[in-house]
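In what follows, a single structure is set out as structure tokens and then discussed.
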Amino acid sequence: MSSKLEELQALLAPVVVALGYECWGIEFSAQGRHSMLRVYIDKEGGVLVDDCAIVSRQISGVLDVEDPITSEYTLEVSSPGMERPLFTLEQFASFAGEQVKIRLRSPFEGRRNFQGLLRGVEEQDVVVQVDEHEFLLPIDMIDKANIIPSFD
Numbered sequence: 001m002s003s004k005l006e007e008l009q010a011l012l013a014p015v016v017v018a019l020g021y022e023c024w025g026i027e028f029s030a031q032g033r034h035s036m037l038r039v040y041i042d043k044e045g046g047v048l049v050d051d052c053a054i055v056s057r058q059i060s061g062v063l064d065v066e067d068p069i070t071s072e073y074t075l076e077v078s079s080p081g082m083e084r085p086l087f088t089l090e091q092f093a094s095f096a097g098e099q100v101k102i103r104l105r106s107p108f109e110g111r112r113n114f115q116g117l118l119r120g121v122e123e124q125d126v127v128v129q130v131d132e133h134e135f136l137l138p139i140d141m142i143d144k145a146n147i148i149p150s151f152d
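Below you can see the structure in the form of structure tokens.
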């Protein structure tokens, strides 16, 4: 995790929790002069548009005061949705048995993209079964991971 992302997580997660939501995860991507800050929130029973608006207003106030992002940026507050992103080992463990799509920051065993059955976690590794092969992917190598929704 980048130091900027860690700084944003430390600053914003307590704000989200204080409002009564779970801070599911934060994504920050700097793209030249314009960056994107996406904060995923969750709560029992699901997240409504009004929930996102409440959290967005509060986070905007904190960002205005603390000013951790010096360039222009767009703030998005969202529910994790059906293609729920996974950020922590605990989240990976709780969704064991689901189909996932994982992209790594750099190649691991010759590849960066993995799609298959999430088996769980072992220490600091995410265990994914792709076809007949099981991969132990270090959590700190994962760039992006999402649940693949099933409509059974």
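Going by the UniProt record's numbering, the sequence shown opens with residue 1, and the numbers climb by one from there.
All residues carry an ideal CB built from backbone N, CA and C; glycine is no exception.
Bear in mind that the values here come from a model prediction, so they are computed numbers and not experimental data.
Nearest to residue i (by Cα), restricted to the options the options
i	options	result
GLU44	TYR21, GLU6, PRO107	TYR21
ASN146	SER29, LEU86, SER71	LEU86
ALA10	ILE139, LEU63, PHE108	LEU63
VAL16	ASP152, SER3, ALA53	ALA53
ASN113	ASP143, GLY46, GLY81, LEU37	ASP143
VAL77	PRO149, PRO14, ILE41	ILE41
SER94	SER71, ARG119, ALA30, HIS133	ARG119
GLY32	LEU137, GLY97, THR74	THR74
GLU132	ASP125, VAL126, GLY116, PRO138	GLY116
GLU98	GLY46, GLU83, PRO68, GLU66	GLU83
Residue range of the unbroken beta strand (DSSP E) whose run includes residue i
i	result
LEU86	It is not in any beta strand (DSSP E) - LEU86 carries neither H nor E in the DSSP assignment.
GLU7	GLU7 -> not in any beta strand (DSSP E); alpha helix (DSSP H) instead, spanning 3-18.
SER35	34-42
GLN129	125-130
LEU137	133-138
GLU27	22-31
ALA145	142-147
SER106	99-108
Inter-residue CB distance, residue i and residue j (contact presumed, cutoff 8 Å)
i	j	result
LEU12	PHE28	Not quite, the Cβ-Cβ distance comes to about 10 Å (not below 8 Å), so this is no contact.
HIS34	GLU72	5 Å
VAL55	VAL39	7 Å
VAL100	ILE139	Not confirmed; about 13 Å, so no contact.
PRO68	TRP24	Not a contact, Cβ separation roughly 20 Å.
VAL128	ILE102	6 Å
Span separating the alpha-carbon of residue i from that of residue j
i	j	result
GLU122	MET141	15 Å
MET36	PHE108	27 Å
VAL47	LEU136	32 Å
ALA96	ASP125	13 Å
LEU19	GLY110	43 Å
According to DSSP, residues forming a beta bridge with residue i
i	result
THR74	MET36
Limits of the alpha helix (DSSP H) - the one that residue i falls within
i	result
VAL65	49-66
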